[in-house]
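The structure under discussion appears below in the form of structure tokens.
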Amino acid sequence: KNEVEQSPQNLTAQEGEFITINCSYSVGISALHWLQQHPGGGIVSLFMLSSGKKKHGRLIATINIQEKHSSLHITASHPRDSAVYICAGWAGGFKTIFGAGTRLFVKA
Amino acid sequence: GAVVSQHPSWVICKSGTSVKIECRSLDFQATTMFWYRQFPKQSLMLMATSNEGSKATYEQGVEKDKFLINHASLTLSTLTVTSAHPEDSSFYICSARDSGLAVYNEQFFGPGTRLTVL
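Rendered as structure tokens:
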């Protein structure tokens, strides 16, 4: 079992749908990253959060430290949101633990 | 936000040659940079942690003589794949941690370098 688990692994949605990607972790972490990787490969950091909720445009990230769970929500999804979304936990020091990623495809 | 660049973005080389990949933090100083490798449809695998002015720390199973890392300045780290072979073909990604940020130092990722060894 991975220390950082994401679900679902793959997700296909219709344009406009509300999307939720979940991340659960079994180790103690100080902060959690949500990353976006487009087909070209480059990675963009969407959020880093250690508590509560953050919002940026149509993206919302939440984290519950007690339950060791984080979610990434995309409202009014669009085909350009198609990408792999990766959650990564920062365990202190220089250790970052990556989830396997959720592959999202949004159909027009 | 902070920007990390990588050069080249892609490279094709013959087996047996060496390839150098650069990772630069463009608008911040990074005492620590990370080198990752990613195989198709898999997540990032940390290869080594690069520390400015000192030797890199390699993860278990990563050959330090094969993957030479130099972090000569606060804005530049290089990864040299020596005597490359087809099995070294992969997507290499670096990230940098902003030395100026306190506590939860966020990592900023480069765009990656796709290496193909023929």
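In the order they appear, the protein sequences are chains A and B. Mapped onto our numbering, the consecutive letters of the first sequence carry residue numbers 67 to 174. Mapped onto our numbering, the consecutive letters of the second sequence carry residue numbers 11 to 128. Ideal Cβ placement from N, Cα and C applies to all residues, glycine included.
Would you grab the beta carbon distance between residue i and residue j for me? Rounded to a whole angstrom, and I think it's under 8 Å.
i: residue 91/B; j: residue 19/B; result: About 15 Å; that fails the 8 Å criterion.
i: residue 84/B; j: residue 40/B; result: 6 Å
i: residue 106/A; j: residue 143/A; result: At roughly 20 Å, the Cβ-Cβ gap does not stay under 8 Å, so residue 106/A and residue 143/A are not in contact.
i: residue 173/A; j: residue 80/A; result: 6 Å
i: residue 96/A; j: residue 116/A; result: 6 Å
i: residue 99/B; j: residue 127/B; result: 5 Å
i: residue 21/B; j: residue 125/B; result: 6 Å
i: residue 78/A; j: residue 171/A; result: 5 Å
i: residue 155/A; j: residue 93/A; result: 7 Å
DSSP puts residue i in a beta bridge; with which residues?
i: residue 13/B; result: Answer by DSSP bridge pairing: none, since residue 13/B is not bridged.
i: residue 48/B; result: 101/B
i: residue 70/A; result: 91/A
i: residue 102/A; result: 110/A and 151/A
i: residue 118/A; result: 129/A
i: residue 118/B; result: 106/B
i: residue 24/B; result: The partner list for residue 24/B (beta bridge, DSSP) is empty, contrary to what the question assumes.
i: residue 80/A; result: 173/A
Excluding the 5 residues flanking residue i on each side, which residues of the same chain have their C-beta closer than 8 Å to its C-beta?
i: residue 54/B; result: 46, 47, 48 and 103
i: residue 84/A; result: 139, 140, 141, 142 and 143
i: residue 77/B; result: 45, 57, 58, 68, 89, 90, 91 and 92
i: residue 23/B; result: 29, 94, 125, 126, 127 and 128
Strictly under 8 Å for the Cβ-Cβ distance: is residue i near chain A by that measure?
i: residue 38/B; result: no
i: residue 121/B; result: yes
i: residue 118/B; result: yes
i: residue 101/B; result: yes
Short of 6 Å in beta carbon distance, which residues of its chain neighbour residue i, apart from the five on each side in sequence? Order them along the chain.
i: residue 62/B; result: 41, 81 and 84
i: residue 32/B; result: 17 and 88
i: residue 66/B; result: 58, 60 and 79
i: residue 106/B; result: 14, 35, 40, 43 and 118
i: residue 101/B; result: 48, 122 and 124
i: residue 109/A; result: 101 and 103
Name, please, each residue of chain A whose Cβ falls closer than 8 Å to the Cβ of residue i.
i: residue 124/B; result: 107
Near residue i, what residues of its chain come up, given a Cβ to Cβ distance below 7 Å and the 5 sequence neighbours on each side ignored?
i: residue 136/A; result: 89, 98, 127, 128, 129 and 153
i: residue 116/B; result: 108
Along chain B, in chain order, which residues have C-beta atoms closer than 9 Å to that of residue i?
i: residue 164/A; result: 46, 53, 54, 55 and 56
Between residue i and chain B, is there a C-beta pair that is closer than 8 Å?
i: residue 95/A; result: no
i: residue 152/A; result: yes
Can you pull the chain B residues whose beta carbon is under 8 Å from the beta carbon of residue i, in chain order?
i: residue 111/A; result: 11, 116, 117, 118 and 119
Taking C-beta pairs closer than 7 Å, name the residues in chain A that residue i reaches, listed in chain order.
i: residue 77/B; result: Neighbours of residue 77/B on chain A: none; closest Cβ ~17 Å, over 7 Å.
Could you work out which residues of chain B lie near residue i, taking near to mean beta carbons separated by less than 7 Å?
i: residue 167/A; result: 53
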